[in-house]
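There are 6 protein chains.
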Amino acid sequence: MTDDLDLLVIGAHPDDAEVHVGGILALAARNGLRAGILDLTAGDLGTRGSAATRRDEAMASAAILGVERTILDLPDARFDEGEANRLKLMEQFRALRPAVVILPAPEDRHPDHRRAFRLGQDAAYYAGLKNYPCPGTPWRPQAVAWVGGETPGAPDLVVDVSAVWEQRMAALDAFGSQFRPDPSQPPTRISDPAFRRGVEGRAMHWGSLIVVSWAEALWTVRPIPPALLALLGKLR
Amino acid sequence: MTDDLDLLVIGAHPDDAEVHVGGILALAARNGLRAGILDLTAGDLGTRGSAATRRDEAMASAAILGVERTILDLPDARFDEGEANRLKLMEQFRALRPAVVILPAPEDRHPDHRRAFRLGQDAAYYAGLKNYPCPGTPWRPQAVAWVGGETPGAPDLVVDVSAVWEQRMAALDAFGSQFRPDPSQPPTRISDPAFRRGVEGRAMHWGSLIVVSWAEALWTVRPIPPALLALLGKLR
Amino acid sequence: MTDDLDLLVIGAHPDDAEVHVGGILALAARNGLRAGILDLTAGDLGTRGSAATRRDEAMASAAILGVERTILDLPDARFDEGEANRLKLMEQFRALRPAVVILPAPEDRHPDHRRAFRLGQDAAYYAGLKNYPCPGTPWRPQAVAWVGGETPGAPDLVVDVSAVWEQRMAALDAFGSQFRPDPSQPPTRISDPAFRRGVEGRAMHWGSLIVVSWAEALWTVRPIPPALLALLGKLR
Amino acid sequence: MTDDLDLLVIGAHPDDAEVHVGGILALAARNGLRAGILDLTAGDLGTRGSAATRRDEAMASAAILGVERTILDLPDARFDEGEANRLKLMEQFRALRPAVVILPAPEDRHPDHRRAFRLGQDAAYYAGLKNYPCPGTPWRPQAVAWVGGETPGAPDLVVDVSAVWEQRMAALDAFGSQFRPDPSQPPTRISDPAFRRGVEGRAMHWGSLIVVSWAEALWTVRPIPPALLALLGKLR
Amino acid sequence: MTDDLDLLVIGAHPDDAEVHVGGILALAARNGLRAGILDLTAGDLGTRGSAATRRDEAMASAAILGVERTILDLPDARFDEGEANRLKLMEQFRALRPAVVILPAPEDRHPDHRRAFRLGQDAAYYAGLKNYPCPGTPWRPQAVAWVGGETPGAPDLVVDVSAVWEQRMAALDAFGSQFRPDPSQPPTRISDPAFRRGVEGRAMHWGSLIVVSWAEALWTVRPIPPALLALLGKLR
Amino acid sequence: MTDDLDLLVIGAHPDDAEVHVGGILALAARNGLRAGILDLTAGDLGTRGSAATRRDEAMASAAILGVERTILDLPDARFDEGEANRLKLMEQFRALRPAVVILPAPEDRHPDHRRAFRLGQDAAYYAGLKNYPCPGTPWRPQAVAWVGGETPGAPDLVVDVSAVWEQRMAALDAFGSQFRPDPSQPPTRISDPAFRRGVEGRAMHWGSLIVVSWAEALWTVRPIPPALLALLGKLR
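Protein chains in written order, with our numbering: chain A, 61 to 296; chain B, 61 to 296; chain C, 61 to 296; chain D, 61 to 296; chain E, 61 to 296; chain F, 61 to 296.
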């Protein structure tokens, strides 16, 4: 048995992982797999909540899900795709050694998500290059997948997360500064109840495709990587 | 003021219109527009419910929505795209004179829906040809739109139907033979609660895109037809 | 244990199955699964070889692969998509009860292949309708996949068929009338050695994607059907 | 007669040109055209082979093909898309004056290839701007094309390279450090025999589309540039 | 020298060929090639002009262009895709022996155009099957291309038709019953000056892509068929 | 009444706005709306005309259209996508407060246009982030649209600009250094009459789609933003 991660989910901000694949993470933990979240930023430019608050919320959420969490502290909204940031991700990949990586949506509405996708995709490849001047032992994830943007088409794969749905929503709700209606705070798109309903609605829609109550969705390259199928096969 | 329909929704089977655009129909009626449903078949091959039952349910649903309904009685699952069926649709278009027509999804899982799309699309065009040997005064709908299939991508247009959501679901539930859990009947894909949750889930998802509780979605040609925009502008 | 087929491959002509998925069929047989081929026609309009010759070749090939074979004897090139032909396929689906069906390419160069795809796709759905007037017990395949056309893009799934490559090519070569260079016969596109090289070349290309010698490729709907993944998981 | 290049192939690393269009290059030389390769890097981060070894191999390969070769010595894997690198390419375009440029695949698996595509595409345009502060006489290639990634779809154009196939593979094999099975060296994706089989397999597949033994494939903009068609018309 | 056609353009109605590729036809004639038009119907259901008028106009237009013309007299708007109609096209292909066939747009607004595309595409393939029970010697066109619909994207190929523009518009204008403003006749979409302006506008747009005054556009399969390139190479 | 802009059009160079949406700008002004142009650069690297000349021309054109104009003076062709430039756009968005922003084409031939699209798209989002360290009050445009590149497909929306066509072309012609045939100046792609004909031709083509003389076209996200529809509804 190794310390390698079975699954690493990358988000641009704390709560991104929970919005999209909280159920998959909870299921992985429940099935004895090692799963983790890597947030590129602490969400320090968010309209609501300080970086400190969001960090506490993020750690509480990870505890609920039963997964590891690292916050990379790149500057929110302002991180670029240059080599310095790429190296930070490469180091993480080499240290965590994930079999499968899940990235943000490549075509999302939020520019941070699009940039985090490209940064993560490149770093996952380069981390495997033996001679790249970067600390750590070379490691290339066996599969890279990603979540859907705001208006996703047909998913490549759906995962029944009914068994952990309450746990998964509790993890989302741990981000009280972001999603809790709070008249003392400025309204944001994601603090409106419609945003949380969108999370639930998509899970109900994807669930209907496989005739279960709640499901989450993933997209990936062609051909579908066997390592991704192997991971999903262990989520019961 | 004329008798022309502002909106005609075509379904392959009774309940298709309600599954996808019950809210748009209810909103149209509520705003004083003339709206109707044209079911190509009575759903007489459905696994549950007789044709007679489904007809009663369909009429009850239309009453709930406040719209007209015609059932064309083509043979369920067995109607073809030949000229005889095309003429039946052309006659309806010429009699009902809809400004906007909403068709089933062109890429749906159910072959009837795909075929109904093609039949409806062709008939809408041909109904406007002066010399086509078909009863009635030539009429071509000013806009043709369609609903999404089971795994729809980003919609062209979304309509806030929050104001009529309960009415719209009551209309769907009027099809008790189809959607009501009933252990005495054989289980079907659409009688599973997951199906109804899919309807709700998509409406929550589309609602989240425009920050409302419930929305329905439409797809159409490029450029977006002005008559369709004009119709949607009247739905409040 | 049942008599249900684990896999049914549909071709428009004898040899279509062998051109595209001979290796998958051989692997299925080798792993103790029940697999079959259903040829819609006997290839009776082919430029080379009589219908009788092709039938003999087809049966010899099926024996080499270790699978069942049925030739439906629709008229080559001239079968239409009407209900009579649909019923013939539905009856086969109800009799053979395949878990997974593999169809010809929907966008192939040969019109027969495109038509066979549509006919098979529709019949697979309708065969599950309890009340459809068709002999047999209702049965709907749990997954439908298809092969690539002549210029396929990235495959959804690739299957390592290195272990059965010689057996698979022997099955193809059993169709001597079609693929064997024979100066006494009129040349055809598929009797040119370049055609056979295309079969090998694609298998080498797909193999390179998963770092094996020979692979075959499949395409399917979204989300990827679990029954298809389950089947492929049994092919070693 | 001028010194302008008829064709310039750009690779991110030595051997990229040979992997994809070695045959087109050999054919160009054989037909008396001036063709060249521009490698953006010396492949100095490759897992196998030093930069010096790879440079020697690259020059040997160019000699086999009968084409010119320039290695730009940008840092392997670490070159960015900034203006300094763009200027280096612009200078090359202005010095070599190619009629047609072939770029790496825009959607390849290797991030270097995607970046080299974008850098080359931009530089080819800007090199023609009279007032851009860059040494040399303004020059804009008349056509830009590109090679396929690892899972290419239908090619825009295929070129019969059967006449030079052995020469073309000899050029590839000149990169012994990269492709030769050598147990003393760490295994890489491209040193596995499956990689070389992929090169052969795609050429057999593309050959089958035009009924020849071996072919290479190109992609380009719409409408297809006449200068590209003119070049390919000279390759016999 | 043979009687084989170098080019055959298929339209659903007289004037379809002239709307889209009148310039290509005129250029072909001017360069000594044999070109022809095959109209599937006489346009007998058109809102304006009788079948007799349209036939006279069609013949006058063909004379202006210098090409042959055959009117197949399938019933306007009502021809189906059954085998009887397919055979009529196959016979024409076998009699006219065109190297290149240009079909209507597969995704046009007019259902006749979509159906004519499919019928023509299938017939072009089947006409080459030696044993298909159809009069004539087997013949398969070496290339099939098609015109754009009403909202075409980037064309595959554009042809400079500046040299024959006036001749080409004179041929279009020969269809006086269709395009001439005539208050005594019912207005139609194509009798509005905006329609003729659309023909001119697209030719100006396509011309701008290759820096000429007027151009026409074609679409085709991948890879681009050499026979199509060869034909276009002869149009000066 | 506020000083907020109803519409802001962003171009990479002066004249970009006029090439694509001069008519929409003129219509907006004519209907009493506040519209403006933001040119990222002064076009100082253009082959013809100095930066000073182009600035004068740009101001004259804006006066003809009746709109505001700001030239941001980023370096032509050499501006990057870094944060410094992003901040300059964000400041403009926060100062001008546009309801709708129109960007250059994301897939244009000119790299500046592609880069300006991405820069504008990102800045429009980030300008709304309350805590982003940038001068001004947070502001996010309610809708972002874009123009077509050189070979655009079907537009999402078309706008009848017949009423202002002469005014719109006068604004384009105000850029005499760019579009006027002038033998004393080096020829450029856009000084060739074919370029101006392309502008006219596309407007005639798009006009034909809605049966008017001249129209302009826009593309946008899905679902179509209501704010964009609202703006277009005011253009008469």
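The beta-carbon is built from N, C-alpha and C at its ideal position, and this holds for glycine as well. Only a predicted model underlies this, so the values are computations on that prediction, with no experimental measurement involved.
{"Asked": "Own chain partners of Asp-99 of chain B with C-beta closer than 6 Å, once the 5 adjacent residues on each side are dropped", "Found": "Gly-71, Pro-74 and Ile-131"}
{"Asked": "Inter-residue Cα distance where the pair is Asp-104 of chain A and Ile-162 of chain A", "Found": "22 Å"}
{"Asked": "Length of the line joining the Cα atoms of Phe-153 of chain D and Pro-164 of chain D", "Found": "16 Å"}
{"Asked": "Outcome for Asn-145 of chain A when other beta-carbon atoms lying within 10 angstroms are tallied against a minimum of 16", "Found": "buried"}
{"Asked": "Boundaries (first-last residue) of the alpha helix (DSSP H) holding Asp-233 of chain E", "Found": "225-233"}
{"Asked": "Own chain partners of Pro-198 of chain A with C-beta closer than 6 Å, once the 5 adjacent residues on each side are dropped", "Found": "Gly-188 and Lys-190"}
{"Asked": "C-beta atoms of Gly-45 of chain E and Ala-86 of chain E nearer than 9 Å", "Found": "Past the edges of chain E, shown from 61 to 296, lies residue 45 of chain E, and the structure says nothing about it."}
{"Asked": "Cβ of Arg-138 of chain C within 9 Å of any chain D Cβ", "Found": "no"}
{"Asked": "Segment contact flag, the stretch 250-260 of chain C with the stretch 244-264 of chain D, C-beta cutoff 8 Å, min 3 pairs", "Found": "yes"}
{"Asked": "Listed by chain order, chain D residues near Ala-214 of chain E by CB distance under 9 Å", "Found": "Val-281, Arg-282 and Pro-283"}
{"Asked": "As assigned by DSSP and simplified to three states, the class of Met-61 of chain A", "Found": "Any reading at Met-61 of chain A must be qualified, since the residue scores a pLDDT of 49, below 50, and its modelled position is unreliable; the value itself is stated next. The answer is coil: DSSP assigns Met-61 of chain A none of H, G, I, E or B."}
{"Asked": "Cβ-based neighbour list, Leu-288 of chain D, same chain, cut-off 7 Å, excluding 5 preceding and 5 following", "Found": "Val-160, Ala-203, Ala-205 and Thr-280"}
{"Asked": "Chain-ordered residues of the stretch 109-143 of chain F with a beta carbon less than 8 Å from chain A", "Found": "Gly-142 and Glu-143"}
{"Asked": "Chain F contact for Ile-162 of chain B (CB, 9 Å cutoff)", "Found": "no"}
{"Asked": "Contact list for Val-218 of chain B against chain F, beta-carbon separation under 8 Å", "Found": "Pro-283"}
{"Asked": "Asp-99 of chain B - partner residues in DSSP beta bridges", "Found": "B:Gly-71 and B:Ile-131"}
{"Asked": "Cβ separation of Ala-95 of chain E and Ala-88 of chain E, assumed to be a contact under 8 Å, to the nearest whole Å", "Found": "4 Å"}
{"Asked": "Beta carbon proximity, Glu-260 of chain B to chain A, threshold 9 Å", "Found": "yes"}
{"Asked": "Against chain D: residues of the stretch 81-95 of chain C by CB proximity under 7 Å", "Found": "none"}
{"Asked": "Residues sharing a beta bridge with Glu-276 of chain E, DSSP", "Found": "E:Val-219"}
{"Asked": "For Ala-203 of chain D, the first and last residue of its enclosing beta strand (DSSP E)", "Found": "203-206"}
{"Asked": "Contact with chain F by Trp-266 of chain B, beta-carbon distance below 9 Å", "Found": "yes"}
{"Asked": "9 Å Cβ cutoff met for Arg-169 of chain F and Gly-209 of chain F", "Found": "yes"}
{"Asked": "Straight-line Cα distance separating Pro-286 of chain D from Lys-294 of chain D", "Found": "13 Å"}
{"Asked": "Residues, ordered as in the chain, of the stretch 184-199 of chain E that lie near chain C by beta-carbon distance below 8 Å", "Found": "Tyr-185, Tyr-186, Leu-189, Lys-190, Asn-191 and Tyr-192"}
{"Asked": "Which of helix, strand or coil DSSP assigns to Val-79 of chain E", "Found": "helix"}
{"Asked": "Run of the beta strand (DSSP E) containing Val-161 of chain B, from where it starts to where it stops", "Found": "160-163"}
{"Asked": "Chain C within 9 Å of Pro-158 of chain D, Cβ atoms only", "Found": "no"}
{"Asked": "For Ser-237 of chain B, the nearest candidate out of B:Arg-129, B:Pro-283, B:His-80 and B:Glu-117 (CA to CA)", "Found": "B:Glu-117"}
{"Asked": "Sub-9 Å separation of Val-272 of chain D and Gly-83 of chain D beta-carbons", "Found": "no"}
{"Asked": "Nearest candidate by alpha-carbon position, reference Ala-231 of chain E, set E:Arg-157, E:Leu-134 and E:Val-81", "Found": "E:Val-81"}
{"Asked": "Amino acids of chain F, ordered along the chain, whose beta-carbon sits closer than 9 Å to that of Asp-182 of chain D", "Found": "Pro-171, Arg-174 and Arg-175"}
{"Asked": "Cutoff 9 Å: Ile-270 of chain A Cβ touching any chain C Cβ", "Found": "yes"}
{"Asked": "Local Cβ density within 10 Å of Leu-112 of chain B, reported as buried at 16 or more and exposed below that", "Found": "Looking at the sequence provided, one finds Ala at residue 112 of chain B rather than Leu. Flag for Ala-112 of chain B reads exposed."}
{"Asked": "Whether Ala-277 of chain C touches Val-219 of chain C by CB criterion (9 Å)", "Found": "yes"}
{"Asked": "Distance, Arg-129 of chain D Cα to Arg-115 of chain A Cα", "Found": "53 Å"}
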